[in-house]
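The structure appears below as structure tokens.
Residue numbers (the numbering used here): 84 to 525.
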């Protein structure tokens, strides 16, 4: 019998949901992906503030997924959830197990070593999501995989992935309001790396720069392991807000200007003087200033990892909303002197045609589905009778990152555009000044 698996990823500006069908032959087919915009201030820096707004959008996402012909008439009663936000950081730690006699090291020993590593971190309001191994030492011999090795003492170096437990609490509240059970949490960073990094990338050294709306996560890899992780409280929405404030336009208009009329590759001499009654040079200067600030913070975080940029020979993998800004990839290359590429799937993902989002925009939520399958326990997220005759899934290769029918995507966006604009008129009444640092922490 096929198993229906659901995943939801909540960002600062949008919620994404996806359904995958796991067949008896262990193949996973992505059959539906949906997204919904969030009101400004509902989620700040990746942390849920307005539980009602988030809960309502979760319900909308669920209804869209349930109405998909590959899913209907089944109902979604649970889901796997991505976890991120500005509190997501890593901290190194060690743990050790000493044995009376030399013995073979098995998976159980590694599991206990990881458990002890997690127990080394004690801080109120913080929670350890995962202990990511960096390396092991068996009787003073360094190695990456000690399973099957004989020894009397094993030490492990781990990176603890830590987040603020308040983020998890408010996520749970939002899903409780939606009467949707959370099957499990997955760290966004750890799930995404499996889809966008090769083994060589991690071995040679690389950086994932995930630029969301209000946060940018920097993950540094070297020698096959995650070495450093931090989240910068800055993202692509900051550029939009700068444009809206200085040009005295709505955020919707500023977003359009940012995505369609800004090119970071242009020199000052190449920039025109006017664009639609606006000073094009002013627009370019506004964007350049904020982008420069974000990139400076990215560079600083890479340097904080204590790994030299020239040693990260696989370069930077850029993803998130910030990757859509024309010239961002080149700007990041100029400022860091590192090779930069946009994130793409490094393994084939089977998906149904005519998904509402291209795979390149859904890596985060799809990676949760794949991680859930690899975790492999209690995966079913729906109830109801499976139709006797399921619609045929004409699978395509999701690595291309494009929809099979672009016109259908345009039509869908057209229909929802009016309601989106009405919604944003109300959203724009909420200004950034209404949220000071103290309110945000509360």
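Just so you know, even glycine gets a beta-carbon here, dropped at the ideal spot from N, CA and C. Being a predicted model, the structure only gives us computed values, none of them experimental.
Would you mind working out which of 166, 217, 150 sits nearest residue 176, comparing C-alpha positions?
-> For the purposes of this step, residue 176 is taken as the residue at position 93 of the chain shown. If we check each option's Cα against that of residue 176, 217 comes out closest.
Looking at the structure shown, is residue 518 part of a helix, part of a strand, or coil, going by DSSP?
-> Looking up residue 518 in the chain shown gives position 435. Caution applies to residue 518, whose pLDDT of 33 falls short of 50 and renders its modelled position unreliable; the model cannot decide the point.
Classify residue 421 as helix, strand or coil using the three-state DSSP reduction.
-> For the purposes of this step, residue 421 is identified with residue 338 of the chain shown, where counting begins at 1. Reduced to three states, the DSSP call for residue 421 is coil.
Could you tell me if the beta carbon of residue 211 falls within a distance shorter than 7 Å of some heavy atom in the ligand HEM?
-> For the ligand HEM, the structure offers nothing, since it holds no ligand at all.
Opposite residue 264 in the DSSP bridges: which residues?
-> Taking the chain shown and counting its residues from 1, one reaches residue 264 at position 181. The partner list for residue 264 (beta bridge, DSSP) reads 161.
Determine the direct distance from the alpha carbon of residue 222 to that of residue 320, and round the result to whole angstroms.
-> Indexing the chain shown from 1 puts residue 320 at position 237. Indexing the chain shown from 1 puts residue 222 at position 139. The straight-line gap from Cα to Cα measures roughly 51 Å.
Could you check how far apart the C-beta atoms of residue 446 and residue 428 are, in whole angstroms? I think they sit under 8 Å.
-> Numbered from its first residue, the chain shown carries residue 446 at position 363. Numbered from its first residue, the chain shown carries residue 428 at position 345. 7 Å between Cβ atoms; contact.
Consult DSSP for residue 323 and reduce its assignment to one of helix, strand or coil.
-> As a first step, residue 323 is located in the chain shown; it is residue number 240 there, counting from the start. The answer is helix: DSSP assigns residue 323 an H, G or I state.
Can you tell me the Cα-Cα spacing of residue 241 and residue 401, whole angstroms?
-> Taking the first residue of the chain shown as 1, we reach residue 241 at position 158. Taking the first residue of the chain shown as 1, we reach residue 401 at position 318. Distance between the alpha carbons of residue 241 and residue 401 is about 25 Å.
Flag this pair as touching only if the stretch 315-335 and the stretch 296-305 have three or more C-beta atom pairs under 8 Å; answer yes or no.
-> Output reads yes: the stretch 296-305 touches the stretch 315-335.
Rounded separation between residue 282 and residue 307 - CA only = For this step, residue 282 is matched to residue 199 along the chain shown. For this step, residue 307 is matched to residue 224 along the chain shown. Distance between the alpha carbons of residue 282 and residue 307 is about 7 Å.
Tell me which same chain residues have a C-beta within less than 7 Å of the C-beta of residue 125, skipping the five on either side of it?
-> Mapped onto the chain shown, residue 125 falls at position 42. Result list for residue 125: 132, 133, 136, 137, in chain order.
Distance, residue 170 Cα to residue 143 Cα | For this step, residue 143 is matched to residue 60 along the chain shown. For this step, residue 170 is matched to residue 87 along the chain shown. Residue 143 and residue 170 have their C-alpha atoms some 27 Å from each other.
Which residues in the same chain have their Cβ closer than 6 Å to the Cβ of residue 485, if we skip the five residues on either side of it in sequence?
-> Position 402 of the chain shown, counting from 1, holds the residue named residue 485. For residue 485, the predicted structure reports a pLDDT of 37, less than 50, and the residue's modelled location is therefore unreliable. The matter cannot be settled from this model.
Could you tell me the distance, in whole angstroms, from the CA atom of residue 162 to the CA atom of residue 89?
-> As a first step, residue 162 must be located in the chain shown, where it is residue number 79. As a first step, residue 89 must be located in the chain shown, where it is residue number 6. For residue 162 and residue 89, the distance between alpha carbons rounds to 5 Å.
Go ahead and label residue 208 buried or exposed: buried means 16 or more other beta carbons lie within 10 angstroms of its beta carbon, across all protein chains shown.
-> As a first step, residue 208 must be located in the chain shown, where it is residue number 125. Exposed: under 16 other Cβ atoms inside 10 Å.
Do the stretch 250-270 and the stretch 325-337 meet, that is, are 3 or more Cβ pairs less than 8 Å apart?
-> no
Option nearest residue 361 by Cα separation, candidates 467, 377, 373, 337 | Numbered from its first residue, the chain shown carries residue 361 at position 278. Comparing Cα-Cα distances from residue 361 to each of 467, 377, 373, 337, the minimum goes to 337.
Compare the C-alpha of residue 540 against each of 150, 160, 158, 93 and name the closest.
-> Residue numbering for the chain in the displayed model covers 84 to 525; residue 540 lies beyond these limits and cannot be assessed.
Length of the line joining the Cα atoms of residue 487 and residue 435 | Looking up residue 487 in the chain shown gives position 404. Looking up residue 435 in the chain shown gives position 352. Low confidence applies here, because residue 487 scores a pLDDT of 36, under 50, leaving its location unreliable; read the following figure in that light. Each residue's Cα considered, the two are about 9 Å apart.
Reducing DSSP to helix, strand and coil, say where residue 468 ends up.
-> As a working note, residue 468 is residue 385 in the chain shown. Residue 468: coil per DSSP, three-state reduction.
Separation of residue 383 from residue 532, as counted between CA atoms = Outside the modelled stretch of the chain, which goes from 84 to 525, sits residue 532, for which no answer is possible.
Could you please give the first and the last residue of the uninterrupted alpha helix (DSSP H) stretch that includes residue 47?
-> The question about residue 47 has no answer, for the chain in this structure spans 84 to 525.
Residues of its chain near residue 151, where Cβ-Cβ distance is below 6 Å and the 5 sequence neighbours each way are ignored = In the chain shown, residue 151 corresponds to position 68, counting from 1. So the qualifying residues of the chain are 115.
With residue 120 as the anchor, note down where its beta strand (DSSP E) starts and where it stops.
-> Mapped onto the chain shown, residue 120 falls at position 37. Where residue 120 is concerned, the enclosing beta strand (DSSP E) stretches over 111-120.
Whole-angstrom distance between residue 206 and residue 494, CA atom to CA atom = On the chain shown, residue 494 is found 411 positions in, with the first residue counted as 1. On the chain shown, residue 206 is found 123 positions in, with the first residue counted as 1. Since pLDDT at residue 494 reaches only 43, below the 50 mark, its modelled position is unreliable, and no value is offered.
Which stretch, first to last residue, makes up the alpha helix (DSSP H) that contains residue 367?
-> Working through the chain shown from its first residue, we reach residue 367 at position 284. Note, residue 367: alpha helix (DSSP H), 363-387.
Report the partner residues of residue 216 according to the DSSP bridge assignment.
-> One-based indexing of the chain shown puts residue 216 at position 133. The partner list for residue 216 (beta bridge, DSSP) reads 241.
Which whole-angstrom value describes the C-beta separation of residue 244 and residue 312, a residue pair presumed to lie in contact below a C-beta threshold of 8 Å?
-> On the chain shown, residue 244 is found 161 positions in, with the first residue counted as 1. On the chain shown, residue 312 is found 229 positions in, with the first residue counted as 1. Rounded, the Cβ-Cβ distance is 7 Å, consistent with contact.
Return the Cβ separation of residue 233 and residue 187 in integer angstroms, given the expectation that the two are a contact with Cβ distance under 8 Å.
-> On the chain shown, residue 233 is found 150 positions in, with the first residue counted as 1. On the chain shown, residue 187 is found 104 positions in, with the first residue counted as 1. Right, their Cβ atoms sit about 5 Å apart.
Cβ shell of residue 451 (< 6 Å), same chain only, five flanking positions each side left out = On the chain shown, residue 451 is found 368 positions in, with the first residue counted as 1. 90, 163, 165, 269, 274, listed in sequence order.
Buried or exposed by the 16-neighbour rule on C-beta atoms within 10 Å, applied to residue 293 | Position 210 of the chain shown holds residue 293. When all chains shown are included, residue 293 counts as buried.
Residues sharing a beta bridge with residue 303, DSSP = Position 220 of the chain shown holds residue 303. Answer is 290, 311.
Where residue 85 and residue 107 are concerned, what is the direct C-alpha to C-alpha distance, given to the nearest angstrom?
-> Taking the chain shown and counting its residues from 1, the one referred to as residue 85 is at position 2. Taking the chain shown and counting its residues from 1, the one referred to as residue 107 is at position 24. Using only the alpha carbons, I get a separation of about 6 Å.
Inter-residue spacing [alpha-carbon to alpha-carbon] between residue 419 and residue 119 | By one-based count along the chain shown, residue 419 stands at place 336. By one-based count along the chain shown, residue 119 stands at place 36. One C-alpha to the other measures close to 34 Å.
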